[in-house]
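Residue numbers (the numbering used here), protein chains in the order written: chain A, 13 to 311; chain B, 1304 to 1737.
See the structure below:
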C-alpha cells in the first residue's frame, strides 16, 4: 500500500508540472558580448580586449555599475582618460612585470579575473579612513581614487596607485592559497582594526608593522609587507627599519622572511627579483614609452 | 483507510486545480520583454531631443539642497555632453564636458547611468573632502520617459530631477535667461503664497535655490519649515517635489501679465492676499520694509520741524542738512519701527537710530499699525529733547489696505502701497538692523 501512495504522489507531481507546461521562450534578451563597433568607447574597449581580456582572461571594468560598489560609501566613476592611463600603467608596472619575472602563464591562471576602477576613494569621515582598493574572492580587484592620480608626482603614484595594485594582488594570491598561520601569531596583540588610523607609521614600525594600516589586522599586515617592499625605494625601507628600533625591525624582518618564503614556495615568485624589476620601471616613468607600449617590445 | 483514500483524491483534485489556466495575465508580455522595451523606449527618448535636454537637477533633499540647471546631449553611440553654469561647481562660468558615457540599463526598472566621469555632471556626486560632497547621484531610476518630459529619481540619494527638451540652441542665452528668471522671481527675498486646491501655504527663501514652506498666515518659523529645492528656468521654475500630495507636480510656468506661477496640475504661486502677506514679512528676521511716503510735503514739513528743534536744543549740534529712513521689522518676537536720522554735524555725517515698539495686526481686510512707544533710553532721551520727532513715527500709524505697486504683481516684496487715510509706499529691504 505504501508503494501505491508513492506511485500516486509521483504521478501527482508529474501531472502537476506537465499541466503547467506551455510557456514558449522567445529569443534571448541579452546583448551579444562582441564589442560594439558603433560605441563611443569602441577603440578603448578593443584595446582592453587585446591587452587584457585576450592574454590575461581579465575583464577591465571602467564603466561603473553602482551595484558593484559598497553602498556605504559615496563614489564616482573613473574618467575615460584616467582609465586609459591606468590601464597602460598597470600593464607596465604589474602585468608585464609578472610576465617577465614569474612567467607569462602566471597571471592568466592566478591573476584577478576582474579589475574594477573607481574614480574616487571611499572616505569614512567618522573613522577618518580612506579606502584605496579592495580584493574580493580571489578574483576581483577594485582600484580607487584613480581620477586623482598625479601623473608627475612619483610619491603620490607610489602611495596611492602602485602600492595599492600590489597590495590588492597579494590579497588575491592569499585568497587562493592561505598565508602561513604563524604570521598572524607574531604580533597578535598589536593589531587594532578599529583605531589603527590613530597610529602614526612610526608607531606602527615600532610595533613591528610596515605601515599603520598594516597594524589593523594580520592579513593587511601580510600584504602591506609585500606591497611596500615591492614599490618603496631602498631609502624608505632602510629608514623604516631604523626608525622601528631594534625590536620593531627584528619583527618586520621576521615577517618579511615569512612573506618571501611563502611567495617562493607557494607561488615560485622571487620577491627580490620582482622588486628589482618594479623599482627599475618606477624610476623610468616615461609616459610616451608607457602610453605607446614600447616596454612590450612588440609583444 | 478511508482517510487515506480521501487524502489521495484530495491530492489529485488540488493538483489539477492549481494548474488551472483560466486566469489571465495582467500583462500582455513577459516581464523580461517589457523590461527590454522600457530600456529601448528610454534610450530612444533620450536620443530624440535635437537640441539636447534641459535638466533641473536636484542632488538631494537635505536641508541645504538646491536645484541646478544643466543641459545634456545624449548621443546614440553612448557619449553624453553636459553643460552647466552655477556657483557650486563651475565658478559661475559655463562649463562643458563632452568626454563621458551614458547608458540605460536594467536594474529594478530602467536606470539611466552616467557610468564614466564627467567633470560637469559628477561634480555633484564626487565625495571629495568629506565623503559626501553635494550628495548627487550618477544612477537614476527612470520614472517617466516621454519626448516631452523625463522624470528621474536618484538611486542613492532619492531626489527627483526633471528633464525637458531644450528649445534654446544658444546655451549662453539659456543660462542668462534662467538667471534673469531667478532674479525676477526671487530677487527681493519675496514670500510667495501657494494655492493648491483649497489649501494655501507660504513659500520663502526661493533666492537660495530652495523654498522653505510655512503654514499660511503663520509666522515663518524655521523649525517648522520643510524644504523644497527649486530651479529657475527660462519659463518659470521646476521643483524637485511638488507640494502636499502632488509630489510630481514639478513644473510651474510664469505668467508675467498675471504675476503668477502656475503648475500643470493647477497649483498657483503668487503674492496672494497682500494684507496677510504684509504681516508674514514681519516674522522673517532677515527682511524688513523701508518706508517712503507718497506725500513728500508732509514728511518734509515734519523733518524740517525736527531739524529746527534739534538746533534749538543742542548748542553743540549745528545741523547742516538731514536725511531720513524709516523701517518696520520684527526683532526678538516684537514689532518695531526704526527711524534713522542722518545729519551733518560740522563736517561729519552723523546718524541717530530711534526705536519704537508698535502694535501691528492684520487680517484679510487690512493692516493696523498703532501705539508707537519709544523702546529704549536713547530714543526716550532724544524725544525729551525733540518731542516733534514723535510725529515722524506717528506717520506710520493708522489702518491700511495693501495693494501691489504696478509691475510687481508677483514679487510683492519689491514694493506695495498701503492705502488708508494717507498713502504709504513700502519697499522690501534686507538686513535692516537695530
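No residue lacks a Cβ here, since even glycine has one placed at the ideal position from N, Cα and C.
Please determine, among B:1373, B:1331, B:1378 and B:1360, the residue with the shortest C-alpha to C-alpha distance to residue 1348 of chain B.
-> Working through the second chain from its first residue, we reach residue 1348 of chain B at position 45. Comparing Cα positions, the closest option is B:1378.
Pull up the distance between the alpha-carbon of residue 1475 of chain B and that of residue 1535 of chain B, whole angstroms please.
-> The sequence position of residue 1475 of chain B within the second chain is 172, counting from 1. The sequence position of residue 1535 of chain B within the second chain is 232, counting from 1. For residue 1475 of chain B and residue 1535 of chain B, the distance between alpha carbons rounds to 15 angstroms.
At a Cβ threshold of 8 angstroms, is residue 165 of chain A touching chain B?
-> Position 153 of the first chain, counted from the first residue, corresponds to residue 165 of chain A. Chain B, which has no Cβ nearer than 8 angstroms to the Cβ of residue 165 of chain A, makes this no.
Skipping 5 residues on each side, what residues in its chain have a beta carbon closer than 6 angstroms to that of residue 1641 of chain B?
-> Your numbering for residue 1641 of chain B matches position 338 in the second chain. These residues qualify, in order along the chain: 1630 and 1658.
For the 8 angstroms Cβ check, are there 3 or more pairs between the stretch 1543-1553 of chain B and the stretch 1567-1579 of chain B?
-> yes
What residues of chain B sit near residue 52 of chain A, judged by a beta carbon separation below 8 angstroms?
-> Here residue 52 of chain A is taken as the residue at index 40 of the first chain, counted from 1. Here the neighbours are 1378, 1380, 1381, 1382 and 1404.
Using a Cβ-Cβ cut-off of 7 angstroms (strictly less than) and excluding sequence neighbours within five positions of residue 232 of chain A, which residues of its own chain qualify?
-> Here the question's residue 232 of chain A lines up with position 220 in the first chain. Within the same chain, residue 232 of chain A has close Cβ partners 225 and 226.
By DSSP, does residue 151 of chain A sit in helix, in strand, or in coil?
-> On the first chain, position 139 is the one that residue 151 of chain A refers to. Coil at residue 151 of chain A, not helix or strand.
Is the stretch 255-265 of chain A in contact with the stretch 165-183 of chain A, if contact means three or more CB pairs nearer than 8 angstroms?
-> no
Selection from B:1369, B:1336 and B:1442 that minimises the alpha carbon distance to residue 80 of chain A | Here residue 80 of chain A refers to the residue found at position 68 of the first chain. Nearest C-alpha to residue 80 of chain A: B:1442.
Is there a Cβ from chain B that is less than 8 angstroms from the Cβ of residue 39 of chain A?
-> Within the first chain, residue 39 of chain A is the residue found at index 27, counting from 1. Note that residue 39 of chain A scores a pLDDT of 46, beneath 50, so its modelled location is shaky and nothing firm can be said.
N-terminal and C-terminal residue of the alpha helix (DSSP H) that residue 183 of chain A is part of | Within the first chain, numbered from 1, the residue matching residue 183 of chain A stands at position 171. Counting along the chain, the alpha helix (DSSP H) containing residue 183 of chain A begins and ends at 175-188.
Is the beta carbon of residue 229 of chain A sitting closer than 8 angstroms to the one on residue 192 of chain A?
-> What you label residue 229 of chain A is simply residue 217 of the first chain in a count that begins at 1. What you label residue 192 of chain A is simply residue 180 of the first chain in a count that begins at 1. Taking 8 angstroms as the Cβ cut-off, residue 229 of chain A and residue 192 of chain A do not qualify as a contacting pair.
Does DSSP classify residue 276 of chain A as helix, strand or coil?
-> As a working note, residue 276 of chain A is residue 264 in the first chain. Residue state, collapsed to three classes: helix.
Do residue 1612 of chain B and residue 1691 of chain B have their C-beta atoms closer together than 8 angstroms?
-> As a working note, residue 1612 of chain B is residue 309 in the second chain. As a working note, residue 1691 of chain B is residue 388 in the second chain. Yes; because the gap between Cβ atoms is below 8 angstroms, this pair is in contact.
Report back the beta-carbon spacing between residue 1381 of chain B and residue 1405 of chain B to the nearest angstrom; my notes put them in contact at under 8 angstroms.
-> Against the second chain, residue 1381 of chain B aligns to sequence position 78. Against the second chain, residue 1405 of chain B aligns to sequence position 102. About 6 angstroms; that satisfies the 8 angstroms criterion.
Interfacial residues, the stretch 60-75 of chain A to chain B, with Cβ spacing under 9 angstroms = 74 and 75
Out of curiosity, what's the CA-to-CA distance linking residue 1538 of chain B and residue 1429 of chain B?
-> Counting from one through the second chain, the residue named residue 1538 of chain B turns up at place 235. Counting from one through the second chain, the residue named residue 1429 of chain B turns up at place 126. Rounded to whole angstroms, residue 1538 of chain B to residue 1429 of chain B spans 30 angstroms at the Cα level.
Quick one: is residue 1367 of chain B near chain A, going by C-beta distance under 8 angstroms?
-> One-based indexing of the second chain puts residue 1367 of chain B at position 64. Residue 1367 of chain B does not count as touching chain A.
Is residue 1731 of chain B near the ligand MG, with its Cβ less than 7 angstroms from a heavy atom?
-> Summarising the ligand content, the structure contains no ligands, and the ligand MG is consequently not present.
Between the CA atoms of residue 212 of chain A and residue 147 of chain A - distance to the nearest angstrom | The residue labelled residue 147 of chain A in the question sits at position 135 within the first chain. The residue labelled residue 212 of chain A in the question sits at position 200 within the first chain. Near 25 angstroms, if we compare the C-alpha coordinates of residue 212 of chain A and residue 147 of chain A.
Buried/exposed call for residue 274 of chain A, threshold 16 Cβ in 10 Å = Position 262 of the first chain, counted from the start, is the residue given in the question as residue 274 of chain A. Residue 274 of chain A comes out buried.
Whose Cβ in chain B lies nearer than 9 angstroms to the Cβ of residue 92 of chain A?
-> Mapped onto the first chain, residue 92 of chain A falls at position 80. Within 9 angstroms Cβ-Cβ: 1402, 1403, 1404, 1419 and 1420.
Skipping 5 residues on each side, what residues in its chain have a beta carbon closer than 7 angstroms to that of residue 1713 of chain B?
-> Counted from its first residue, the second chain places residue 1713 of chain B at position 410. For residue 1713 of chain B, where only same-chain residues beyond five positions count, the Cβ hits under 7 angstroms are 1488, 1562, 1563, 1573 and 1574.
Candidates B:1365, B:1585 and B:1580, of which the one nearest residue 1495 of chain B by Cα | Locating residue 1495 of chain B in the second chain gives position 192, where the first residue counts as 1. Checking every option, the nearest Cα to that of residue 1495 of chain B belongs to B:1580.
Output yes or no for whether 8 angstroms exceeds the beta carbon distance between residue 134 of chain A and residue 71 of chain A.
-> Here residue 134 of chain A refers to the residue found at position 122 of the first chain. Here residue 71 of chain A refers to the residue found at position 59 of the first chain. The answer is no: Cβ separation not under 8 angstroms.
Would you report the Cα separation of residue 303 of chain A and residue 103 of chain A, rounded to the nearest angstrom?
-> In the first chain, residue 303 of chain A corresponds to position 291, counting from 1. In the first chain, residue 103 of chain A corresponds to position 91, counting from 1. Cα to Cα, the separation comes out at about 10 angstroms.
Minimum length 3: unbroken beta strand (DSSP E) runs contained in the stretch 1500-1542 of chain B = 1502-1507, 1513-1518, 1529-1535 and 1539-1542
By a C-beta neighbour count over all protein chains shown, 10 Å radius and 16 as the cutoff for buried, is residue 1472 of chain B buried or exposed?
-> In the second chain, residue 1472 of chain B corresponds to position 169, counting from 1. Under this definition residue 1472 of chain B is an exposed residue.
Can you name the start and end residues of the beta strand (DSSP E) that residue 1357 of chain B belongs to?
-> Working through the second chain from its first residue, we reach residue 1357 of chain B at position 54. Its beta strand (DSSP E) spans residues 1356-1360.
CB contact below 8 angstroms: residue 44 of chain A versus chain B = Residue numbering aside, residue 44 of chain A sits at position 32 when the first chain is read from its first letter. Unreliable placement is indicated for residue 44 of chain A, whose pLDDT of 43 sits below 50; no coordinate value is reported for it.
Within 8 angstroms (strictly less), CB to CB, does residue 47 of chain A reach chain B?
-> Position 35 of the first chain, counted from the start, is the residue given in the question as residue 47 of chain A. Cβ-Cβ to chain B under 8 angstroms: no for residue 47 of chain A.
Check the Cβ-Cβ distances between residue 98 of chain A and every residue of chain B, and say whether any is below 8 angstroms.
-> Here residue 98 of chain A corresponds to residue number 86 of the first chain, with the count starting at 1. For residue 98 of chain A, the answer is no, since every Cβ of chain B falls outside 8 angstroms of its Cβ.
Alpha carbon of residue 1470 of chain B to alpha carbon of residue 1357 of chain B, nearest angstrom | Your numbering for residue 1470 of chain B matches position 167 in the second chain. Your numbering for residue 1357 of chain B matches position 54 in the second chain. So the two alpha carbons sit approximately 9 angstroms from each other.
Assign residue 1729 of chain B to one of two classes, buried (16 or more other C-beta atoms within 10 Å of its C-beta) or exposed (fewer than that).
-> Numbered from 1 along the second chain, position 426 holds the residue referred to as residue 1729 of chain B. With 16 or more Cβ atoms within 10 Å of its Cβ, residue 1729 of chain B is classed as buried.
Output, in chain order, the set of chain A residues within a Cβ distance shorter than 8 angstroms of residue 1431 of chain B.
-> Position 128 of the second chain, counted from the start, is the residue given in the question as residue 1431 of chain B. Here the neighbours are 132.
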